[in-house]
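Reading through the C-alpha cells given below for one structure.
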Amino acid sequence: MSNYVKIFDTTLRDGEQSPGATMTSAEKLEVARSLARLGVDVIEAGFPAASPDDLEAVRRIAIEVGNPTDGTKAPVICGLARATKNDIDASWEAVQHAKHPRIHTFLATSPIHMKYKLKMDPEEVVEKVYEMVSYARTLCEDVEFSPEDGGRSDPEFLYVVLGEAIRAGATTLNIPDTVGYTTPEEFGALIDGIIKNTPGMHEGITVSVHCHNDLGLATANTLAGIQAGARQAEVTINGIGERAGNTAMEEIVMALKTRPHTYNCTTGIDSTQITRVSKLVSNYTGMTVQPNKAIVGANAFAHEAGIHQDGMLKNHQTYEIMLPETVGLSRSKLVLGKHSGRHALKVHLQEMGYEFSPDDLGVIFDRFKELADKKKTITDADLEALVEDQVYQANEVYSLDGLQVACGTMGLPTATVRLRGPDGAVYIQPAVGTGPIDAIYKAIDQIVHAKNKLLEFNVHAVTEGIDALGEVTVRLQAENGNTSTRTSPQTENTRHRTFGGYGADTDIIVASAKAYLSALNKLLLSTYEEKPAANAVNG
Numbered sequence: 455m456s457n458y459v460k461i462f463d464t465t466l467r468d469g470e471q472s473p474g475a476t477m478t479s480a481e482k483l484e485v486a487r488s489l490a491r492l493g494v495d496v497i498e499a500g501f502p503a504a505s506p507d508d509l510e511a512v513r514r515i516a517i518e519v520g521n522p523t524d525g526t527k528a529p530v531i532c533g534l535a536r537a538t539k540n541d542i543d544a545s546w547e548a549v550q551h552a553k554h555p556r557i558h559t560f561l562a563t564s565p566i567h568m569k570y571k572l573k574m575d576p577e578e579v580v581e582k583v584y585e586m587v588s589y590a591r592t593l594c595e596d597v598e599f600s601p602e603d604g605g606r607s608d609p610e611f612l613y614v615v616l617g618e619a620i621r622a623g624a625t626t627l628n629i630p631d632t633v634g635y636t637t638p639e640e641f642g643a644l645i646d647g648i649i650k651n652t653p654g655m656h657e658g659i660t661v662s663v664h665c666h667n668d669l670g671l672a673t674a675n676t677l678a679g680i681q682a683g684a685r686q687a688e689v690t691i692n693g694i695g696e697r698a699g700n701t702a703m704e705e706i707v708m709a710l711k712t713r714p715h716t717y718n719c720t721t722g723i724d725s726t727q728i729t730r731v732s733k734l735v736s737n738y739t740g741m742t743v744q745p746n747k748a749i750v751g752a753n754a755f756a757h758e759a760g761i762h763q764d765g766m767l768k769n770h771q772t773y774e775i776m777l778p779e780t781v782g783l784s785r786s787k788l789v790l791g792k793h794s795g796r797h798a799l800k801v802h803l804q805e806m807g808y809e810f811s812p813d814d815l816g817v818i819f820d821r822f823k824e825l826a827d828k829k830k831t832i833t834d835a836d837l838e839a840l841v842e843d844q845v846y847q848a849n850e851v852y853s854l855d856g857l858q859v860a861c862g863t864m865g866l867p868t869a870t871v872r873l874r875g876p877d878g879a880v881y882i883q884p885a886v887g888t889g890p891i892d893a894i895y896k897a898i899d900q901i902v903h904a905k906n907k908l909l910e911f912n913v914h915a916v917t918e919g920i921d922a923l924g925e926v927t928v929r930l931q932a933e934n935g936n937t938s939t940r941t942s943p944q945t946e947n948t949r950h951r952t953f954g955g956y957g958a959d960t961d962i963i964v965a966s967a968k969a970y971l972s973a974l975n976k977l978l979l980s981t982y983e984e985k986p987a988a989n990a991v992n993g
C-alpha cells in the first residue's frame, strides 16, 4: 500500500456551505489558485447544479487552474453532484475543461437518511448507486462516490453499496462521517472493514475519508482512517464547513509531517504556504480564525508563561514541536522602505508566493509607497494585508472616496462619508451614531440602501507598534426590502444570506469603512439564485 495521502480540499464546496462563508466567483478562483500552489491534489471547486453562478465558477477554475501553463502539476478539479442525471450533467459541463476532471456523486446510506430523507428502500439505494455511478463513468473516467452519513450506516450494507459503486466504475470511495458522530476507534474500524470486505476492492481504488467536527473529533477520526488504510483525506482550510466544520487541512498535513514514525505517510503539500492560504480564506469568508486554533491561530506559536519563555530561550523544542517557519510564519523584517523600487517589491512578493500581472503589481506598488511614507518598518504581514486589501477585494459597486469623523467626550460622534457609486457619481452623506464606526456605517447605509444586519465586527493590528497596519473583518446578513435604485434589484433570496468583508489601513476608521463596503459590494453583486431544495451535503 502506498504511503502517499492525497489531499482533497473542499473549502470551495463544503467549506463555503458554512453560514457566512459565501465567496464570489473571483474570490473562489483566487483561492483555487492558492490551493494549487499549496500542492493540493484534488480541488472540489463547488456544486455546479446549485446555480448558474456556481457552475460558471467551477468552469473557470477547471479552465484556469486545472490547466497550468508554468509546468507545475495540474490538480484534479472536482464537482459535486447528487445522484441524479441533471446534477451529474452539470458537474461534467463544469469540470470537463480541466486536464484532470472528476465527478463526485453521493447518496445517503444510513437508515435514518434512507427512511426520512430519501424515502427509499435499501434495495432502491443500491440500484440507484449503480445506475448513477455508471452514468457518471460514461462522461468521466475519474468518478468518486460517497455514501452520505456513512458513519451511521450499517457496515454490511456499506460493503454492498460500495461494491456496486466499484462495479459501476467508481475510482474513489469516500466514507463521510457526515454528522461527526463516530469516535476514532469506531471510524478506524469502519475503514478497515470496508477495505477488507468490500467486493471488488483492489489496489486501483482509493479509499477516502471526510469527517465533520460536531464532537471535536474530525482530525482524530481522519487520522484513524488514514492509519486504517485510507489514502485520501477530504479537508478544508481552517476547518470551515457545515455546523462545527470539517477536518482542518493544516492539522492533517502537519500531524503527518510532525509524526512520521507514527503514521508513516506523506503528502504533497508545501507547508510553508499554509499560513498565507489560511489568512486568504479567513479574509474572503469573513470568518476569523480563533487565536488558539492549531497550526494557524495567532497563539499557536506564542509563549507568555515565564517557564515556557525560559525554556524557549534555551531550546525551542522544549515547548514547540514544529518551527513556525514550516507553516510560513516569519518574524524577519523586510529590507524594504520608501526608497525601494518596483522590481525589489516584485521579487519579494514572489518569494512570499504571490504572482501578479503588471497592472496589479502597479496598484500594490502605489499602496506600498503610501504605506512606506507612514511606517518606518514594513513587514511581510504588512505586505500580505496590502495584497489582500487592494487586489483580492470583490468588484466594487461603491468605493470609498473620502471620510471624516468627529468623536470624543465633548459631542455626538459624527461622520461624513463620500462614496463613488456605480454610475460614476459622487455621494456625500453625514450621519450621527453611538460611536465613529456606527456613524460611518449609518452614513454608508443612507447612500447604498442595502438593508442588512451587522453580525460580526473584528479589528486587530497586523504588526506591532503605534504605526501598525490595522485589519478589520465584518460579517453582515442581508435583509429583505432593499430599495437601491442605483444597483440591480434585490430579490427575496437575499434574506438570511451572509457576506464577509475585509479592509486594511493604518487608519483603523478607514479600514472599518473599507471592510463594510467590501461586504456590501458582495451583497449587491450577488446573483441570489436559490439553491436546490435538497441540501448539497455529502459529508
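Numbered continuously in this note's numbering, the sequence shown closes out at residue 993. The beta-carbon is built from N, C-alpha and C at its ideal position, and this holds for glycine as well.
Of the choices the options, whose alpha-carbon is the least far from that of residue i?
i	options	result
G957	L979, M806, Q686 and S736	S736
E595	T626, H656, D603 and K569	T626
G740	A702, F641 and T927	T927
E925	E933, K907, L909 and G955	G955
K792	A475, E824 and V731	E824
V871	A893, G865 and T888	A893
A511	H551, D524 and E805	H551
A535	A965, D575, V579 and F599	F599
I629	H656, R685, E585 and P653	R685
A826	V841, Y852, S794 and G816	S794
V579	F560, W546 and T833	F560
V519	P555, A869, A965 and C665	P555
S966	V913, T952 and Q931	V913
G604	M568, I620, D575 and V587	M568
V587	L572, V964 and A624	A624
D495	A643, A687, G642 and E484	A687
A503	E639, A752 and V549	V549
F819	F611, T833, M806 and L837	L837
E610	I649, Q681, Y589 and E585	I649
H666	T632, I645 and E639	T632
Alpha carbon to alpha carbon, how far is residue j from residue i? Give it in angstroms, no decimals.
i	j	result
T742	I706	20 Å
I891	I901	16 Å
W726	D959	At residue 726 the sequence reads Thr, which differs from the Trp that was named. Cα-Cα distance, rounded: 26 Å.
T538	I557	12 Å
D961	F911	16 Å
M455	R606	27 Å
E984	D541	Note that E984 scores a pLDDT of 37, beneath 50, so its modelled location is shaky; the value from the coordinates is reported in the next line. So the alpha carbons of these two residues sit roughly 15 Å apart.
V689	D463	5 Å
R591	R487	27 Å
S942	L466	Note on S942: pLDDT 47, under 50, position unreliable in the model; the coordinate value appears next. Distance between the alpha carbons of S942 and L466 is about 26 Å.
S564	L616	13 Å
I898	I531	40 Å
P653	G683	16 Å
A748	A754	6 Å
A869	I515	41 Å
V851	G658	50 Å
N692	M864	44 Å
D543	D508	14 Å
Y970	Y895	7 Å
I1032	T637	An answer regarding residue 1032 cannot be provided, because it is not within the stretch 455 to 993 covered by the chain.
T937	K905	Any reading at T937 must be qualified, since the residue scores a pLDDT of 46, below 50, and its modelled position is unreliable; the value itself is stated next. Looking at the two C-alpha atoms, the distance is approximately 8 Å.
E618	P601	12 Å
A879	L978	17 Å
E774	V750	14 Å
Who pairs with residue i in a beta bridge, going by DSSP?
i	result
N906	A932
S662	N628 and Q686
P555	I531
L561	P601
N769	BP columns for N769 are empty, so no partner.
G924	A915 and D959
N700	H666
R536	F560
In terms of residue numbering, what span does the alpha helix (DSSP H) encompassing residue i cover?
i	result
K539	K539 to V549
P638	P638 to N651
F819	P812 to K828
Q681	A672 to Q681
N718	Neither: N718 is in no alpha helix (DSSP H) and is coded neither H nor E.
P745	That residue, P745, is in no alpha helix (DSSP H); it is neither H nor E in DSSP.
Need the endpoints of the beta strand (DSSP E) that residue i sits in, please.
i	result
D439	Past the edges of the chain, shown from 455 to 993, lies residue 439, and the structure says nothing about it.
E598	V597 to E602
T952	T952 to D959
T478	Careful: T478 lies outside any beta strand (DSSP E) and carries neither H nor E.
G856	S853 to A860
For this session: Please list the segments of the alpha helix (DSSP H) lying wholly inside the region 484-534, counting only runs of 4 or more residues, in order along the chain.
Result: 506-518
For this session: Could you pull out every unbroken beta strand (DSSP E) segment of at least 3 residues lying fully inside the region 869-913, listed in chain order?
Result: 880-886
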